[in-house]
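Report on the following structure.
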Amino acid sequence: MGVPPYHEEAYDSPSMPSPDPLDDWHEFPGCESWDACPTPTEARGVLDAVLPLLLPGTLERIPLGEARNRARQEAFDLLRVRLRSALRGLTSTHPMLEDAVVLSIPRLRAMLAGDLEAAERGDPAMTSPSEAWLCYPGIKAIAVYRFAHELHLGQARVLARMLAEMAHSETGIDIHPGAKIGARCFIDHGTGVVIGETAKIGDGCRLYQQVTLGARSLPTDADGRVLRGSEQRHPTLEDDVVVYAGATILGGDTVVGRGCVVGGGVFLTESVPPHHVVTAAPAEIRVRSRL
90 MGVPPYHEEA YDSPSMPSPD PLDDWHEFPG CESWDACPTP TEARGVLDAV
140 LPLLLPGTLE RIPLGEARNR ARQEAFDLLR VRLRSALRGL TSTHPMLEDA
190 VVLSIPRLRA MLAGDLEAAE RGDPAMTSPS EAWLCYPGIK AIAVYRFAHE
240 LHLGQARVLA RMLAEMAHSE TGIDIHPGAK IGARCFIDHG TGVVIGETAK
290 IGDGCRLYQQ VTLGARSLPT DADGRVLRGS EQRHPTLEDD VVVYAGATIL
340 GGDTVVGRGC VVGGGVFLTE SVPPHHVVTA APAEIRVRSR L
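FYI, in my numbering the residues of the sequence shown are 90 to 380.
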């Protein structure tokens, strides 16, 4: 069925026709499995349930003792209920998925403590851990990523991606849940950071705003569709790499070695040996009078 063109004149017509819109209804292809997908409301419910368990600032306001223990148990119970609803049929094909995801929370909290330590070491503007937990978009983005990555590994990939995109919209940081990010990761400022699906980031790395870990152009079929495969399309950062603002690193065969520093504005498509500094040629600066 062809898509009718828009006619601006129709909106100015005094006698605009009123056909039944169902006569020209268009069904989108590939949308027959909606029942297996969580709704946006269900995904938001999972995110709202898990964040108090991952990040301090909610349960910690309750006095220590029985009241906090009870609140923590209620938070886990709520997360299970919302996960069960959002996972839909996956709980029958992957019966251990819910338990595996919930039981990952203590491990993820320990990793987030390491991420906070990296933020404290790397940001002189931080006045307290509470400020970082409550205010830093990089901390929230990495927290959601670490939980979404568990879902991704458990094949709950649509839910994982929905959570990642919610964090993206709230923080400006786009981390695909399939990426592999090591311990003590700090994303400073963060706006415009993009980390692709097959990117690998080692321990102790630091990224600044507008850094892209992306893919180069991909092969296509005869119809121009991108060929999908399991190969790595995005770069690897080994341990203790620092990437400054606006740098773009592309390609699955691009490896930035341990201890490297990639300067701001660099466009990098080749590997770098460990313990090197990569900088772009300085731009020519011209100053002229406006008088």
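Every residue gets a Cβ at the ideal spot worked out from N, C-alpha and C, and that includes glycine.
Going by other Cβ atoms of all chains shown within 10 Å of its Cβ, with 16 needed for buried, is Q162 buried or exposed?
The Cβ neighbour count for Q162, taken over all protein chains shown within 10 Å, is under 16; the residue is labelled exposed.
Hey, would you say P266 sits closer than 8 Å to L240, going by beta carbons?
Yes, they are a contact pair.
Would you report the Cα separation of S306 and G154, rounded to the nearest angstrom?
Those two C-alpha atoms are separated by around 56 Å.
Taking DSSP's pairing of strands, which residues face F275 in a bridge?
According to DSSP, F275 bridges with R295.
Test item: CB-CB of L167 and A138 under 8 Å
Yes, they are a contact pair.
Please determine if the segment 282 to 300 and the segment 334 to 343 are in contact, where contact requires at least 3 C-beta pairs separated by less than 8 Å.
Between the segment 282 to 300 and the segment 334 to 343, the count of Cβ pairs shorter than 8 Å is three or higher; the stretches touch.
Count the other CB atoms within 10 Å of the CB of V351; is the residue buried (16 or more) or exposed (fewer)?
Around the beta carbon of V351, 16 or more other beta carbons sit within 10 angstroms, so the residue counts as buried.
So for L302, helix, strand or coil by DSSP?
It is a strand residue.
Whole angstroms is fine: what's the gap from I290's alpha carbon to F275's?
Spanning the two alpha carbons is a distance of roughly 11 Å.
Might you give, ordered along the chain, the residues of its own chain that have their beta carbon closer than 7 Å to the beta carbon of Q321, omitting 5 neighbours on each side?
Cβ neighbours of Q321 beyond the five flanking positions: T287 and G341.
Does the beta-carbon distance from L242 to L176 come in below 8 Å?
In this structure, L242 lies away from L176, with their beta-carbon atoms at least 8 Å apart.
For V170, which of V191, I151 and R347 has the nearest alpha-carbon?
V170 has its Cα closest to that of V191, out of V191, I151 and R347.
Within 10 angstroms of the Cβ of M90, are there 16 or more other Cβ atoms? Answer buried if so, exposed if not.
Reliability fails at M90, whose pLDDT of 46 lies under 50, so the model's placement of it is uncertain and the value that follows must be treated cautiously. So M90 ends up on the exposed side.
Could you check if T368 is buried or exposed, using at least 16 other CB atoms within 10 Å of its CB as the buried criterion?
When all chains shown are included, T368 counts as exposed.
With DSSP collapsed to three states, give me the class of T358.
It is coil, neither helix nor strand.
Tell me whether the beta-carbon of P127 lies closer than 8 Å to the beta-carbon of M251.
Yes.
If we ignore side chains and look at the alpha-carbon of each, how far apart do W222 and P213 end up?
Approximately 15 Å, taken between the alpha carbons.
Mapping DSSP to helix, strand and coil, what is T147?
Of the three classes helix, strand and coil, the one that applies to T147 here is coil, per DSSP.
Would you tell me roughly how many angstroms separate the C-alpha atoms of I338 and V135, rounded to the nearest one?
Distance between the alpha carbons of I338 and V135: 33 Å.
Look at the alpha carbon of E327 and the alpha carbon of D112, and state the distance between them as a whole number of angstroms.
About 57 Å.
Between G285, I194 and E149, which lies nearest to F236 when the distance is taken from Cα to Cα?
Here the closest residue by C-alpha is I194.
For D263, the three-state DSSP class (helix, strand or coil):
Residue state, collapsed to three classes: strand.
Return yes when the Cβ of I264 is within less than 8 Å of the Cβ of A230, no when it is not.
Annotated as proximal: A230 and I264, with beta-carbon spacing under 8 Å.
Only counting the same chain, and skipping five residues up and downstream in sequence, which positions put a Cβ closer than 7 Å to that of L197?
Closer than 7 Å at Cβ, skipping near neighbours: L143, R235 and F236.
Secondary structure of V191, DSSP reduced to three states:
DSSP places V191 in helix when its eight states are reduced to three.
DSSP beta-bridge partners of L326:
In the DSSP output, where bridge partners are listed per residue, L326 has I290 and V345.
Contacts around D310, its chain only, beta-carbon distance under 8 Å, and the 5 residues preceding and following it disregarded:
Exclusion of the five residues before and after D310 leaves L316 as the residues of its chain whose Cβ lies within less than 8 Å of its Cβ.
Quick one: what's got a C-beta closer than 6 Å to G354's C-beta in the same chain, skipping five residues either side?
Once the five neighbours on either side are set aside, the close Cβ partners of G354 are G335 and A369.
For I374, the three-state DSSP class (helix, strand or coil)
I374: coil per DSSP, three-state reduction.
Just tell me which of F117, G346, G261 and G285 has its CA closest to the CA of C294.
Of the listed residues, the one whose Cα sits closest to C294 is G346.
What residues in its chain sit with their C-beta under 6 Å from that of V366, if we drop five residues either side in the sequence?
Correct list, in chain order: V350.
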